[in-house]
Each structure stands twice: as structure tokens, then as C-alpha cells.
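Quick notes on the structure that follows.
Protein chains: 2
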Amino acid sequence: MIITISREFGSGGRELGKLLSEELGIAFYDRKIIEEVAKLHDLDPRYVEKVSDADIRTAYPMTIGRSFVFAPLLVDQSVKVHSSRMQVIKKLASQNDCVVAGHGADAVLQDLSPMNLFVYADQQSKLQRCLQRAEKGETETEILRQMRQIDRNRALFWEFVSGGKWGRKENYHLCINTSGKNPKALIPGLSEYVKCWFAMQQK
Amino acid sequence: MIITISREFGSGGRELGKLLSEELGIAFYDRKIIEEVAKLHDLDPRYVEKVSDADIRTAYPMTIGRSFVFAPLLVDQSVKVHSSRMQVIKKLASQNDCVVAGHGADAVLQDLSPMNLFVYADQQSKLQRCLQRAEKGETETEILRQMRQIDRNRALFWEFVSGGKWGRKENYHLCINTSGKNPKALIPGLSEYVKCWFAMQQK
């Protein structure tokens, strides 16, 4: 039972994934992937996280064709991080049942037939959720810019890994709109749905 | 508790809606809407169904601007059918809890805060489902053409009623991919999810 969570920034998808893993009594991988990659290459987890969240095109500049990066060493490092992320996800997911949030896990784990969820919400709900956990002094405009940028980078990474288009419902088995909803309250229903889905898979 | 089902032709969405209504013990409206409209205007239900499934632009030719219809009486009749469909849906849904499949119910019932589901599947699964219930002699090519045409007309009607874009996940609260799945087996999970969703709505 492998469940992957792709999500828009601020939709509560990570929280939904974590709660779902607790309800199902299985592992949850998100931050753990970053830590494993950092350990593997003796890097600072904060650096690995930064590379993971960055625009994938800066790691693979040849895919753009119009830009040129003057720091081949840094590029090598980024490529190593991205490539290790995929290896770590595969290793973790093949060990036991789990929920994996982000990291293009749905595309990376395709061969293991995961159930792929996409979590999204309207702009207002996402902004509200981000404002609640924002650092002091962050303005609405800054948060909106951050939302756009993170989603863009997630989409670019996902499209790089899968060759498809990020966020198209056709790529997922269930698309969950959390607008105006508390993810926690959806968990009992969602976990039942997931169980039904996997029960059918085994037949 | 009003649940609307929009669905791609062949995705099993109608079946899913009917089973869901049975599981929840509430009414199911689909064919009933056609029958009520037919009764209202003393028309043959088959005619009402045909008009409902047809390209909405033939009913409201002024919206195209490039074509002209030489049968104003027939056009009047079509407009009457479409307009009555919306009135009948509103009347039925305001009377009791229900699942409504098709007829742009999510847009028509917007003021009653329904939960809107979209049911879809990959081409292969839809074709398989259609082949199982196809009339003798129907070829795969004919069925594929029918699938495209019905979905196109559904999209046109929905876009006419709502002003939005049919099938975009943002319009729905949950998007369900039935590829390779038997809708019946998803029902226990789906009905739990629906209950959670409405329980939160009431708070």
C-alpha cells in the first residue's frame, strides 16, 4: 500500500498525508527523504531542501538551451541531490507501506502501482492557511508570490520526472479539494476510500 | 445533503451516483428529471432526452452568431425543455436530500451548496464499459465517436449554464478516477467521505 500525495502549496496536502498515514498505521515520508539524501552525500539538510525546492532548470541547464550556468560544480551537486531523492524514495517505498508527500513520488514510484492523490484548494483557502503559519512581518503579497513560485517549481520538477503535465486530474486516482475544509475532518472518509481502492487492486 | 455528479461518458459516473444514493438512503435523480419535464409540457420523454443530450448551440442559435436556424418553433421547444430541466432540478433538490446525475446540476443548484463530484476514467476503461453495454453490431469506432460527441455536448451545456470550463478539477469538491475500477467497490469509502464532508459543512 503506497500512497503518494501531490499538492498545491497551502492546500494542506502535507498535513492530510501525515494524518492519513497515522490513521492507516503506515509510514509517512516527506522530510525523511531530505534527511536521507543529506546523510548520503554528507550535506546540510537545509541545503538539500533548498535544492529540492528550487527551479529544476537551474540544476539541468542544458534542458533550457538559452541559459548558461557558470558554476559546473554546483550544478553537479544539484543533479546529485535530485537523482538521490529518487533513489531514496524508491528504497523507502519498497521497504514498507507508506504515504509519500511531494518529491514527484507518483512518477518515481510508478512501477510499484501507488495510489496517487492530488490535493488542491482555492486561492483564498490556501492564503488563509499560509497566513496562519506565516512568520511575523510577511505580507499577503509576499505569501502569494511564494505560493506561485513553489507551485511553479513543483510543477517543473514533476514535469521533468514524468514528462506529463502537473495537476491534470488524469494523472491522479483521486483529486481532493480542501477549500474551506479542515483536512483532519476528512481523514476518516478518505482512509475508508483508500482501503476500498486497494482492496480492489488486490483482486 | 445534495450531491451532484458530473461525469465523462463511459466512466460509470451514473452508476456510482445511483449506488451512492442507495448507500446513503437518499433520492437519486437522473431519468426522473427527463420524465418530469416531459409531463410538464406533454412531450414524449424520448424527445426530451434527445433535446437534453443535443448540442446546446442548436437550441440557442443566437449564441453562435455564424449559423441560422430556419425552424423557430423547434428552437422555442428546445429552449423550453432546457429551461424546464433547470426548474425541475431546483424543485426536486429543494424537497429532500438527493444525488443528481448530469443536467449541469452543480451549476444549477449552486445556491443550495451541493457537494460536487466529477467522475472520469481513461479512454480504455470507458471504451470497455461502453462495449459491455453496446448494442449488437456497434463498432469500436462508432462508440468512440459517440463518447466524444456526448462529452462535447455535456461540456457545451455545462459551460452555457455555468460560464466556466467543464471538467476542470477546481469546479468540483472531489474528482474520482474509475479507471480499471468497479464503481460498486468504491461506494463504502466514497459514502464515508461524503458524510465527513457534510458533517464539516454543518459546523
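Going line by line, the protein sequences match chains A and B.
Per this note's numbering: the first sequence = residues 1 to 203.
Per this note's numbering: the second sequence = residues 1001 to 1203.
No residue lacks a Cβ here, since even glycine has one placed at the ideal position from N, Cα and C.
From a predicted model like this one, the values you see are computed outputs, not experimental measurements.
- Inclusion of residue 121 of chain A and residue 129 of chain A in the CB contact set at 9 angstroms is warranted, their separation being smaller than that value.
- Interface criterion met: the Cβ of residue 122 of chain A is under 9 angstroms from a Cβ in chain B.
- Going by C-alpha positions, residue 151 of chain A is about 13 angstroms away from residue 127 of chain A.
- In the DSSP assignment, residue 1003 of chain B falls within the unbroken beta strand (DSSP E) covering 1002-1007.
- Counting along the chain, residue 1174 of chain B sits inside the beta strand (DSSP E) bounded by residues 1174-1177.
- Straight through space, the alpha carbons of residue 1010 of chain B and residue 1178 of chain B are spaced by roughly 10 angstroms.
- Neighbours of residue 1188 of chain B in chain A, taken as residues whose beta carbon is under 7 angstroms from its own, are 192 and 196 in chain order.
- Selection A:162, A:6 and A:108 evaluated against residue 87 of chain A yields A:108 as nearest (Cα-Cα).
- Look at residue 1118 of chain B: its C-beta is under 9 angstroms from a C-beta on chain A.
- With respect to the 9 angstroms criterion, residue 1013 of chain B and residue 1156 of chain B are not classified as neighbours on the basis of their beta carbons.
- In this structure, residue 1184 of chain B lies near residue 1019 of chain B, with their beta-carbon atoms less than 9 angstroms apart.
- A residue is called buried once 16 or more other Cβ atoms fall within 10 Å of its Cβ, and residue 46 of chain A, having fewer, is exposed.
- When Cβ pairs closer than 8 angstroms are counted between the two stretches, the region 1096-1115 of chain B is seen to touch the region 1024-1034 of chain B, the count reaching three or more.
- Burial check for residue 1092 of chain B: the Cβ neighbour count within 10 Å reaches 16 or more, so the residue is buried.
- In summary, no residue of the region 1078-1109 of chain B has a CB separated from any CB of chain A by less than 8 angstroms.
- Along the length of the region 1109-1193 of chain B, whole beta strand (DSSP E) runs at least 3 residues long occupy 1115-1120 and 1174-1177, reported in chain order.
- Near chain B, meaning a CB-to-CB distance below 8 angstroms, no residue of the region 24-55 of chain A qualifies.
- About 12 angstroms separates the beta carbons of residue 1017 of chain B and residue 1002 of chain B, which is beyond the 8 angstroms limit, so they are not a contact pair.
- Residue 1192 of chain B has its alpha-carbon roughly 10 angstroms from the corresponding atom of residue 1198 of chain B.
- Residue pairing by DSSP places residue 28 of chain A opposite A:99 in a beta bridge.
- In the displayed model, residue 1084 of chain B falls within a helix according to three-state DSSP.
- Any Cβ of chain A closer than 9 angstroms to the Cβ of residue 1200 of chain B would place that residue at the interface, and such an atom is present.
- Interface annotation, residue 130 of chain A: not in contact with chain B, CB-CB separation never under 9 angstroms.
- If you ignore the 5 residues before and after residue 1085 of chain B, its C-beta comes within less than 7 angstroms of the C-beta of 1033, 1037, 1052 and 1103, all in its own chain and listed in chain order.
- Residue 189 of chain A and residue 1076 of chain B have their C-alpha atoms some 46 angstroms from each other.
- A straight line joining the alpha-carbon of residue 23 of chain A with that of residue 1187 of chain B spans about 20 angstroms.
- The C-beta of residue 148 of chain A has fewer than 16 other C-beta atoms within 10 Å across all chains shown, which makes the residue exposed.
- Within the same chain, and ignoring the five residues on either side of residue 21 of chain A in sequence, the residues whose Cβ sits closer than 6 angstroms to its Cβ are 28 and 99.
- Look at residue 167 of chain A: its C-beta is under 9 angstroms from a C-beta on chain B.
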